[in-house]
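Contents: one structure, followed by commentary.
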Amino acid sequence: MKEHQEELRKLRNKYNVKKKTTKGRVDKLGEPIQFLMSFDEWLYVWMRSGQIDNMGLKQGQFCMSRPNDLGHYEIGNVEIKLSSQNAREGKTGTKHTDETKAKMSLDRKGKHRQ
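According to this note's numbering, the stretch in the sequence shown is residues 1 to 114, in order.
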């Protein structure tokens, strides 16, 4: 048991895992998101995916996501997928307000596309 705890501690340190929180984030329906997984469960999902060494938010890296960006982070409601794919799916179907569009337009004025 003690060896198991030591191994888990080393893994937490290796992957820089601290207490996972969602910092007030909400899902697509406006419901608060909770992280309801223990470290053991989190590690199991990543180990099962085979992508734990490719974890990150950069191009070609993988992240833990929720189908349709709904529900909590919990066993049965998470999957490991490319970060770029997750970001693309998260933006699908969202619409900017007129105020946001105006701000984006102002921000781009005078900048040239390359």
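Every residue gets a Cβ at the ideal spot worked out from N, C-alpha and C, and that includes glycine.
From a predicted model like this one, the values you see are computed outputs, not experimental measurements.
query: Buried versus exposed, by CB contacts within 10 Å (16 or more), Ser65; result: buried
query: Segment contact, 8 Å Cβ cut-off, at least three pairs: the segment 74–92 with the segment 28–47; result: yes
query: His96 versus Phe39 - alpha carbon distance; result: 36 Å
query: Neighbour-count burial assignment, Ser105, 16 or more Cβ in a 10 Å radius; result: exposed
query: Contacting residues, own chain, Cβ-Cβ under 6 Å from Ser83 (five flanking each side not counted); result: Leu57, Gln61 and Cys63
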